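Report on the structure given below.
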């Protein structure tokens, strides 16, 4: 194909193909792949292919590093070699469609699920479940960190009447089959956590003064807070607990002051009258 | 159209020179807010803040109250054959309305087609077709934003056989056709010149100096056969020489030091910027004698700092 027949669009399609798909693409008007030498000049020190390779290498290396940064705990858990393998396959399958790199890993947890190594086997291994949950948690943290919300910088007094308590603007609840929050916290504190055994876990994530707070909570607390997030009052959420867990009302009322104190201190609640518009 | 172009040109000519600035990096957020360092202005990466509802946005609001700010983008993709991204432009406009930057800049490049983003500043084919295409898009973006844009020469690692216009002429035509301004990245000129066999001194001489409103300086990695624009170290002497030349030719414009990888403590970063003062008053030495550098094969171009938020956990 003569050089002069390349339109701007064809040329950009071709170059992007070289970067994203790692190999020369067929030109729309030709049966044969376009060679780099047909499009790119060589220079005193480098061939045309070497010139193109600088972009090809940088493309995957830069995005892989971004993935590593967004999923640092997962990269630790998988080990860098395996993480890179998954990250490269992911970037190949779901190249970025966004103007921001903050959403680069948005589909990564789903991708890990789609491509789990035991997909075709009847008996599933357990470690992929842990990795998928950890990936989802890490991505969720990055979203919560930067989500738009009325920032809660006011201290809610411990003696706030129950009827005034509402969930904080940034309160996210998670339920996992593995102790994901504990693992993440250990990793982020510079420890070297071992791969955990399956163990149902619950956690709450808050944001106070633009910093995230991560808390492991109990199952009953998770359901109680979920109920309040659905618009229920403290009273109704207590009733839900009684129904769901077969607790006696007396038991719930007895534990409530302790929960209330720790929930307020953790920033799960704010008082209605100081909630933003 | 001519009237609008002239009005943009007038705005570009009237832009102030705020002095010596630094790129805002998340690593330095706390230091800047606590110490109010004597930096003349800050450049922020637009994409890091236009969707932010958390700490980055909170920091930027405070910073913009204390310092002049310039918005520098990496995803406008002015050279792409994809349609302009209206959502992106709307958010850019909203951010500008809020923080009132001195100007908004981006790069002469494309970042992707078919709705993909490679997150790299890819090189433009420099010919009449692309010049027309890009000028048309610049006009549309400027009219949408109601302000002229400023475009930076990117580091390039290849040239196209189909290119028929020199980059310095291409930039000149762009300014003439649209009224836009230029951000001269002196390090990028040095990098591209080495990689693509042209004379960086000639390049800088040929630019329309009255259209340059800002300069970038940065460090790079020499790989022996080519140079990668890594923004991860001090500025080399050869780039400082080109800066001196550009400073004299432009009469002195806003100057910013980029540092996007291996980012040092704020004081080190600031000290490197202040070296510019001694080079402003130097006499340009036409001899460019590349100093001996450590070569490395494993460099990744780093046109901007990674736009992944550093999550702060209590």
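Residue numbers (the numbering used here), protein chains in the order written: chain A, 1 to 277; chain B, 278 to 591.
A virtual CB, placed ideally from N, CA and C, is assigned to each residue, including glycine.
Computed from a prediction, not measured in an experiment: that's the story for all the values here.
| Item | Value |
| --- | --- |
| Expressed to the nearest angstrom, what Euclidean distance is found between the alpha-carbon atoms of residue 130/A and residue 256/A? | 32 Å |
| Against chain A, with Cβ distances strictly below 7 Å, would residue 530/B count as a contact? | no |
| Under a CB-based cut-off of 7 Å, is residue 140/A close to chain B? | no |
| Could one say the Cβ of residue 101/A lies closer than 7 Å to chain B's Cβ atoms, at least one of them? | yes |
| Any beta carbon from chain A within less than 7 Å of residue 466/B's own beta carbon? | no |
| Using only CA atoms, which one of 351/B, 528/B and 522/B lies nearest to residue 430/B? | 351/B |
| Taking residue 17/A as part of the alpha helix (DSSP H), name the residues at either end of that continuous run. | 8-20 |
| Tell me, please, which residues DSSP counts as bridged to residue 532/B. | 297/B and 492/B |
| Straight-line CA distance for residue 597/B to residue 192/A? | With chain B represented from 278 up to 591, any question about residue 597/B goes unanswered, as that position is not in the structure. |
| Just the C-alpha distance for residue 17/A and residue 115/A, rounded to the nearest angstrom, thanks. | 23 Å |
| For the 8 Å Cβ check, are there 3 or more pairs between the stretch 321-336 of chain B and the stretch 146-155 of chain A? | yes |
| What are the uninterrupted segments assigned as beta strand (DSSP E) that are 3 or more residues long and contained completely in the stretch 193-242 of chain A, given in chain order? | 201-208 and 211-217 |
| Assuming residue 556/B contacts residue 520/B under a Cβ cut-off of 8 Å, what Cβ separation, rounded to an integer in Å, is found between them? | 5 Å |
| Can you give me the Cβ contacts of residue 296/B inside the same chain, cut-off strictly under 6 Å, excluding the 5 residues immediately before and after it? | 317 |
| For residue 444/B, which option in 347/B, 480/B and 339/B has the closest C-alpha, if you only look at C-alpha atoms? | 480/B |
| Can you find a CB in chain B that lies within less than 7 Å of the CB of residue 264/A? | no |
| Residue 35/A touches chain B at which residues, Cβ-Cβ below 9 Å? | Chain B residues near residue 35/A: none, gap ~11 Å exceeds 9 Å. |
| Name the two residues that bound the continuous beta strand (DSSP E) containing residue 401/B. | That residue, residue 401/B, is in no beta strand (DSSP E); it is neither H nor E in DSSP. |
| Counting only Cβ pairs nearer than 7 Å, list the residues of chain B close to residue 44/A. | 474 |
| Can you look up residue 439/B in the DSSP assignment and give me helix, strand or coil? | coil |
| Give the range of the alpha helix (DSSP H) segment to which residue 128/A is assigned. | 127-146 |
| With a cut-off of 8 Å, do at least 3 Cβ pairs link the stretch 340-348 of chain B to the stretch 156-168 of chain A? | no |
| Am I right that residue 201/A and residue 178/A are in contact with their C-beta atoms under 8 Å? What's the rounded C-beta distance? | 7 Å |
| Which runs of the alpha helix (DSSP H) at least 4 residues long sit entirely within the stretch 303-378 of chain B? Give them in chain order. | 306-312, 323-326, 332-343 and 363-376 |
| Helix, strand or coil: how does DSSP classify residue 176/A here? | strand |
| Closer than 7 Å, CB to CB, is residue 434/B near chain A or not? | yes |
| What residues of chain A sit near residue 332/B, judged by a beta carbon separation below 8 Å? | 145, 146, 210 and 211 |
| Between the C-alpha atoms of residue 35/A and residue 8/A, what's the straight-line distance to the nearest angstrom? | 17 Å |
| With 8 Å as the limit, tell me which residues of the stretch 51-63 of chain A have their beta carbon closer than that to any beta carbon of chain B; keep them in chain order. | 51, 52, 54, 55, 57, 58, 59, 61, 62 and 63 |
| Flag this pair as yes or no: are the beta carbons of residue 470/B and residue 535/B separated by less than 7 Å? | no |
| In terms of alpha-carbon separation, which member of 196/A, 195/A, 140/A and 238/A lies closest to residue 172/A? | 140/A |
| Can you give the Cα-Cα distance for residue 312/B and residue 118/A, rounded to whole angstroms? | 54 Å |
| Would residue 292/B pass as a contact of residue 321/B if the rule is Cβ separation under 7 Å? | no |
| Jot down the residue ranges of each uninterrupted alpha helix (DSSP H) in the stretch 46-100 of chain A, minimum 4 residues, whole runs only, in chain order. | 48-70, 72-78 and 80-93 |
| Using the C-alpha atoms, what's the distance from residue 489/B back to residue 349/B? | 15 Å |
| Taking 7 Å as the CB-CB limit, is residue 375/B close to chain A? | no |
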